[in-house]
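**Student:** Just so we're aligned, residue 4 is where the sequence shown starts under the numbering used here, counting upward by one.
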Amino acid sequence: GEEGVKSMVDAFNIMSEVGKDIVRIATAASSDETGAFVTVGSVVSQDEDLPSIAGLSFEEATVSGVMDEDTQPSDDDIARASILASEAATLLTEEIMDDGKPLSESANIEHDEGQVSMSPHRICRYSNEKGSKRKAKPSEIFGAHTDTTFVTIVPAAAVSGLEVYDEDSLQWYRPELNARKHAKSVDPKGEMDAKFPWHSRYLIVMPGELLQITSRNNIPAAVHRVVAAPETPRLSAPVLLRARPGTKMDVERYMGSLDKADSLLLETNGMKMEDIHSSLQ
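#1: Following the continuous beta strand (DSSP E) through ALA1, name the residue where it begins and the one where it ends.
#2: Taking a contact to mean a Cβ-Cβ separation below 9 Å, would you say MET258 touches ALA39 in this structure?
#3: Can you tell me whether HIS202 is helix, strand or coil according to DSSP?
#4: Would ILE25 be called buried (16 or more neighbouring beta carbons within 10 Å of its own) or exposed?
#5: Determine the closest residue to TYR176 out of GLU166, HIS185, ARG183 and ALA182, with distance taken between C-alpha atoms.
#6: Pick out whichever of ILE86, ALA84, THR42 and ALA82 has its Cα sitting closest to the Cα of THR74.
#7: With a CB to CB cut of under 7 Å and the five nearest residues on each side skipped, what residues in its chain are close to ARG128?
#8: From GLU5 to ALA14, what distance separates their C-alpha atoms?
#9: Are there 16 or more other CB atoms within 10 angstroms of the CB of HIS185, so buried, or fewer, so exposed?
#10: May I ask which residues mark the beginning and end of the alpha helix (DSSP H) holding THR271?
#11: Where DSSP assigns a beta bridge to GLU179, which residues make up the other side?
#12: Tell me, please, whether the stretch 89 to 101 touches the stretch 242 to 254 by the rule of three or more beta-carbon pairs shorter than 8 Å.
#13: In this structure, how does DSSP classify ARG245 when only helix, strand and coil are distinguished?
#14: Does the beta-carbon distance from PRO158 to ALA240 come in below 9 Å?
#15: Report the option in LEU283, VAL229, LYS9 and THR30 whose CA atom is closest to the CA atom of ASN90.
#16: Below 6 Å CB to CB, which residues in the same chain sit around THR93 once its five sequence neighbours on both sides are set aside?
#17: Can you give me the C-alpha to C-alpha distance between PHE199 and LYS9, rounded to a whole angstrom?
#18: Let me know the secondary structure DSSP gives THR155 once reduced to three states.
#19: Measuring alpha carbon to alpha carbon, tell me which of ALA110, ILE126, LEU106 and HIS124 ends up nearest GLY117.
#20: Taking the beta strand (DSSP E) that GLY146 belongs to, which residues open and close that run?
#21: If we call anything under 9 Å between Cβ atoms a contact, is THR151 one with ALA225?
#22: For HIS124, does the three-state DSSP call read helix, strand or coil?
#23: With a floor of 3 residues, list each beta strand (DSSP E) that falls wholly inside the stretch 184 to 231, ordered by position along the chain.
#24: Give me the Cβ distance between LEU243 and PRO123, rounded to the nearest whole Å; I'm assuming they're in contact under 8 Å.
#25: Rounded to the nearest angstrom, how far is the Cβ of ILE216 from that of LEU268, given a contact under 8 Å?
#26: Is the CB-CB distance between ALA231 and PRO141 below 9 Å?
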């Protein structure tokens, strides 16, 4: 009914904002770590004995004799770069990520949005119909894969079944089991469950292939699958945060200097996001 639809819309909006925050932080941190926005001499020195070099490129400043090739960025240069990295990452999440809302009229970029968001909010039912034994072990019903998203956000389900591959330990990890364990540790008597069941208080966020690109491979896309036991189906309502149609990957606008871009960023620079999506399939 109407109330149910409103709840779904509210849930989508909350999850999309969570996803945008995560992408913003991860992308900014990657740009900051690589020094993608660092410009030596970008901040005017407060020392009156030193000449001002603000507004000069590194080459111009070197030629003028203000600095040499070994000059290192100042603390102010680095602080300014961190701010620029954060602002650029925020711009990426607002302009490129499809949060279901129309792009601001003030955004001066190409885009071609339709009436339907490219970030689906799915309703999934996973069941193991082939299982015959009541106590049979769960089996894989949705094979291992990664998502062509910035992030995929999954509300924890009452019945665990989502598995994420841990490349460090070379084994499958069940985030819903860990969420249940945490819920019991903070509410041992289950007093909150009457109003808010334990699983409704947790979100699982999995990085996708687009975040792997914008984080310069620092955050690999999560390999995941779904398993289910014969007796109880698993219900899930994931949000897959993708890109707005018609927008382009502009590395300098969103992630700083091309000199600091890796090969994948350089390859995707200038491509429409839907073309990047298609090439990753």
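In this text, a Cβ means the ideal position worked out from N, Cα and C, and glycines have one as well.
Fair warning: this is a prediction, and the values are worked out from it, not measured in the lab.
**Tutor:** Checking against the coordinates, here is how it stands:
#1: No information on residue 1 is available, as it lies outside the stretch 4 to 284 that the chain covers here.
#2: yes
#3: helix
#4: buried
#5: GLU166
#6: THR42
#7: So the qualifying residues of the chain are PRO236 and LEU238.
#8: 14 Å
#9: exposed
#10: Note, THR271: alpha helix (DSSP H), 266 to 271.
#11: According to DSSP, GLU179 bridges with nothing at all.
#12: yes
#13: coil
#14: yes
#15: It should be noted that the sequence gives Glu, not Asn, for residue 90. Ranked by how close their Cα comes to the Cα of GLU90, the residues LEU283, VAL229, LYS9 and THR30 have THR30 in first place.
#16: ARG27
#17: Cα to Cα, the separation comes out at about 18 Å.
#18: Correct three-state label for THR155: strand.
#19: LEU106
#20: 142 to 148
#21: Their beta carbons are not under 9 Å apart, which means THR151 does not touch ALA225 by this criterion.
#22: strand
#23: 206 to 210 and 227 to 231
#24: 5 Å
#25: 7 Å
#26: yes
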